[in-house]
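Scroll down for the structure; my scribbles are underneath it.
What follows is the structure in structure tokens.
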């Protein structure tokens, strides 16, 4: 447990770290696909791995990069919202539900992206992750509205 004894914040930290580890896994997968497909973004990397002909785009590498970029566009706001939300005094059960729902939806989103699952799997996962974020944002606004 963290020193401030805020169990909701400790719960948030657990899921935040899981999400960051998931992002590292996506980065690793992107690098492995790049190496396997010999598709390098920088000429110096291409030269190291066989020549300038490998300084090119590859659809599989680009799919991994898009999945990673989408994570950054969604997980970073969650990290901010979740940290602030944890300070508003929600019940542990309600907070955990928000954190688990977001984490599960983002994992599903990444799997759907990388495996090219049929539509609308990825879109539904995206929306499912937005619901807890919107809920936390509204609860934060309600908690601080009297101070604005």
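Numbering (this note's numbering), first residue to last: 402 to 549.
Glycine included, C-beta positions come from ideal geometry on N, C-alpha and C.
Answer with yes or no whether the minimum CB distance from residue i to chain D is below 7 Å.
i, result
"residue 495", "No chain D appears in this structure, which consists of one protein chain only."
What is the rounded straight-line gap between the Cα of residue i and the Cα of residue j?
i, j, result
"residue 506", "residue 529", "6 Å"
"residue 548", "residue 488", "15 Å"
"residue 486", "residue 426", "27 Å"
Apart from the five residues on each side of it in sequence, which residues of its chain come closer than 8 Å, Cβ to Cβ, to residue i?
i, result
"residue 428", "469"
"residue 452", "none"
"residue 438", "459, 461, 462"
Identify the continuous alpha helix (DSSP H) that holds residue i and give its terminal residues.
i, result
"residue 444", "444–449"
"residue 425", "408–438"
"residue 542", "522–545"
"residue 460", "460–487"
For residue i, I'd like the list of residues in its chain whose CB is within less than 6 Å of its CB, leaving aside the five on either flank, ordered along the chain.
i, result
"residue 440", "457, 459, 462"
Closest to residue i by C-alpha separation, out of the options, would be which residue?
i, options, result
"residue 454", "442, 465, 464", "442"
"residue 483", "538, 421, 471", "538"
"residue 535", "475, 416, 511, 464", "475"
"residue 416", "471, 503, 542, 543", "503"
"residue 414", "444, 490, 500, 448", "500"
"residue 433", "406, 540, 466", "466"
Helix, strand or coil for residue i, going by three-state DSSP, please let me know.
i, result
"residue 504", "helix"
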